[in-house]
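Report on the structure given below.
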Amino acid sequence: MLNILKLVFVLCFAGNTLQAKEAPLSEADRAKKIVEEVAHGFIKILSQNTPQSVQEDQIRAVIEKHFDLFSITQFVSAPGAVRGKITRKRFIEIQARYTTYIVENYTQQLRDYYKGNQTFKVTKVLERGPGRYLVQSQVLVPDRAEPFEVEWSVYKVGESLKVLDVIIERVSQSQAHRNEFSSILMRKGYDGFYDDLGQRIEAFNVRQGQVKKN
Amino acid sequence: MRISLRLLYIGLQMEQKTLTFFQKNRILCGLVLGILFYTAPVQAESGQPSAEEVSVATKDPDPLEGFNRAMFDTNFALDMLFVRPVMEGYRLIIPGRVRGHISNAFTNLREPLSFLGYTAQFKLKHAGVSFLRFLVNSTIGFFGAVDVASRMGLKQDLSDFGQALGSHGMKSGPYLVLPLFGPTNFRDLIGTVGGIFLDPVSYFLRKKDQRHLIYWRLGGEYISDRDQLTNVLDKDIYLSKDPYTRMRVLYMLRRKSLIHPRNTLLDDGPQPVHENELIFADEDLETRE
């Protein structure tokens, strides 16, 4: 009798589990899952005691998988690409260099802030129209009374959901870059902007070298 | 000037106290130029995004750039020579957790002004939260050192008169950097001056003839804020390729996001763009089809 009850229980439990697995996630849940994957991915990378160059490669992989770098580059490089003022080749070169820049930038900033005891949690997913989500999250730091607020702009791009912006303490990183680069674009054009990105990446590398020496 | 100040910063970072007379003079030159409201002309090259395009893209002109840059450099030098060393000493003597409590206490003293700021915006719920936060933290939170209110669900979200003016439709006006005070804009400057006179804590201290406490508060708050902003200032802004622009952009975006509803975070940010939507200079539409 007891064995039969156990069997019934196991079947019911297995049935529920299978049913749960089969139930498709809503788009909002998928947006939340992507953000969690990115954030936990970053935390896992930082928690490993690997050299910065290895961490950069791993962070690049996460960013390339989950961020819509084409749209972000178009946004950051002013509307020239919409108005036929940049060649395809140059745009692709800028995208590649800008990707390296944000990878280096994020790695550096995350390393500066990471102290090994932060916890990350998604607090709310707000739907802002079809395929548009603002995922709100918090990074809790033990010494700080108030957690850091990080919001993620997630859009449906084709069939998948992609991150288009990270908003830290209400400051959009994409908008900050767009504003920062605008005067360079205006004064020096796309070639100058491309060179400037190269110099910024070089500065990160120099800084990394200094940190290593110290 | 930028190079000399960056050298100064790197020099101080590496504890090489070799600031030359020439570098010091360049800072002064910058200050004088700034006072004369020198603004650097910016010209677009042909075939590149025009000033109009970029200005539309960023919606954030900087007509006082020359003056502001000089002030930024002055503040940077003052920070490196005076404020940062004091802050370093503060960090050396007082452990991180205690510094967090001190910062909480100073933040708590801003709640009455925040209450007035929200009231001026007719955001009575937020005003109520500020009021309750001040009440709770000032009593059971040991004069604000422990943020008990946050644990009770009363989330900290400070406001000020600059925000109030912005919420009533007043434009920010040009970006402005003031000596010691740092980044602001014309609207926030008006708000800050209003706040100095209307801050209930300062008013109370003036009434009780305890003016010296107002200055102690200002000084303490300045060092505590500098300590809390160490990562942003020392590792993000000062080490960026153009620290002035980085500071301006972060300030303007943050202030804008505090005034406008959260929706604008998505509306003003990047939107998905398909490759076919772009027109490249070396392709015509017919060949692409």
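Residue numbers (this note's numbering), protein chains in the order written: chain A, 6 to 219; chain B, -3 to 285. Note that CB positions come from ideal geometry on N, CA and C, so glycine has one too. Bear in mind the structure is a predicted one, so any value in this text is a computation, not a measurement.
What first and last residue would you give for the alpha helix (DSSP H) that runs through I90(B)? Following the DSSP letters along the chain, one finds I90(B) in no alpha helix (DSSP H), marked with neither H nor E.
So, is F177(B) buried or exposed, given that buried needs 16 or more other C-beta atoms within 10 angstroms? Counting Cβ neighbours within 10 Å, F177(B) comes out exposed, since fewer than 16 surround it.
Neighbour list for A208(A) in chain B, Cβ cutoff strictly below 7 Å: When 7 Å is used as the limit between beta carbons, A208(A) is near these residues of chain B: K237, in chain order.
Comparing the C-beta of T92(A) with each C-beta of chain B, is any distance below 8 Å? So, interface residue.
Exposed or buried, what is D34(A) when buried is set at 16 or more other beta-carbons lying within 10 Å of its beta-carbon? With fewer than 16 other Cβ atoms from the protein chains shown falling within 10 Å of its own Cβ, D34(A) counts as exposed.
Where does the unbroken beta strand (DSSP E) through Q159(B) begin, and where does it stop? Segment F157 to S163 is the alpha helix (DSSP H) holding Q159(B); no beta strand (DSSP E) there.
Answer with buried or exposed for E285(B), where buried requires no fewer than 16 other C-beta atoms within 10 angstroms of its C-beta. Residue placement at E285(B) cannot be trusted, given a pLDDT of 49 that sits under 50; what the coordinates show is reported in the next sentence. For E285(B), the number of other beta carbons within 10 angstroms of its own is below 16, and it is reported as exposed.
Using a Cβ cut-off of 8 Å, pull out every chain B residue sitting near F75(A), in sequence order please. Within chain B, the residues near F75(A) are V269 and E271.
Kindly list the residues whose CB is nearer than 7 Å to the CB of K37(A), restricted to its own chain and excluding five residues on each side of it in sequence; keep chain order. The residues are V127, V130 and V140.
Over the uninterrupted alpha helix (DSSP H) stretch that includes Q326(B), give me the two end residues. Absent from the model: residue 326(B). The displayed extent of chain B is -3 to 285, so no value can be given.
Here's the rule I'm using: 16 or more other beta-carbon atoms within 10 Å means buried, otherwise exposed. How should V59(A) be labelled? Counting Cβ neighbours within 10 Å, V59(A) comes out exposed, since fewer than 16 surround it.
Span of the beta strand (DSSP E) holding V173(B)? Start and end: Y171 to L174.
Any C-beta of chain A under 8 Å from that of E279(B): True, the Cβ-Cβ gap to chain A drops below 8 Å.
Express the C-alpha separation of L128(B) and K237(B) in angstroms, rounding to a whole number. Approximately 43 Å, taken between the alpha carbons.
Report the residues of the region 50 to 67 of chain A with a CB closer than 9 Å to any CB of chain B, ordered along the chain. From the region 50 to 67 of chain A, no residue has a Cβ closer than 9 Å to chain B.
Straight-line CA distance for Y234(B) to R87(B)? Taking the straight line from one Cα to the other gives about 19 Å.
Once the 5 residues before and after V108(A) are set aside, which same chain residues still bring their CB inside 8 Å of it? The beta carbon of V108(A) is closer than 8 Å to those of E61, I64, R65 and I68 in its chain, skipping five residues each way along the sequence.
Neighbour-count burial assignment, H45(A), 16 or more Cβ in a 10 Å radius: Exposed.
Residue nearest to K90(A) in terms of C-alpha spacing, selected from L202(A), M191(A), A208(A) and V159(A): The closest CA to that of K90(A), considering only L202(A), M191(A), A208(A) and V159(A), is found on M191(A).
Tell me whether T55(A) is buried or exposed, calling it buried when 16 or more other Cβ atoms sit within 10 Å of its Cβ. T55(A) comes out exposed.
Below-8 Å beta-carbon distance, V245(B) vs any chain A residue: True, the Cβ-Cβ gap to chain A drops below 8 Å.
For E185(A), decide whether its Cβ has a neighbour in chain B, counting only Cβ atoms nearer than 8 Å. Contact with chain B is found for E185(A), since one of that chain's Cβ atoms lies less than 8 Å from the residue's Cβ.
If you count every other CB in all the chains shown that lies within 10 Å of the CB of Q206(B), and 16 or more means buried, which is it? Q206(B) comes out exposed.
Closer than 7 Å by beta-carbon distance: list the chain B residues that pair up with V211(A), in chain order. What V211(A) touches in chain B, judged by beta-carbon distance under 7 Å, is nothing: the nearest beta carbon there is about 10 Å away.
Does chain B have any CB closer than 8 Å to the CB of L169(A)? It does: the Cβ of L169(A) has a partner Cβ on chain B nearer than 8 Å.
Say whether chain B places a C-beta atom closer than 8 Å to the C-beta of A181(A). A181(A) counts as touching chain B.
So which residues of chain B does F47(A) contact, with C-beta pairs closer than 7 Å? Contact note: F47(A) does not reach chain B at a C-beta cutoff of 7 Å; the least C-beta distance is about 16 Å.
F276(B) in three-state terms, based on DSSP: Three-state DSSP puts F276(B) in coil, outside helix and strand.
Quick one: using the 10 Å Cβ neighbour count with 16 as the cut-off for buried, is V142(B) buried or exposed? Under this definition V142(B) is a buried residue.
Is it true that the CB of V168(A) sits closer than 8 Å to the CB of I39(A)? Cβ atoms of I39(A) and V168(A): closer than 8 Å.
With H, G and I counted as helix, E and B as strand and the rest as coil, what does DSSP make of F111(B)? In the structure shown, F111(B) falls within a helical segment according to DSSP collapsed to helix, strand and coil.
Residue closest to I219(B), alpha-carbon to alpha-carbon, out of T180(B), V82(B) and L150(B): I219(B) has its Cα closest to that of V82(B), out of T180(B), V82(B) and L150(B).
With a threshold of 8 Å between beta carbons, is T135(B) in contact with chain A? So no, T135(B) is outside the interface.
Roughly how many whole angstroms lie between the Cα atoms of Q143(A) and S188(A)? The C-alpha of S188(A) is placed about 33 Å away from the C-alpha of Q143(A).
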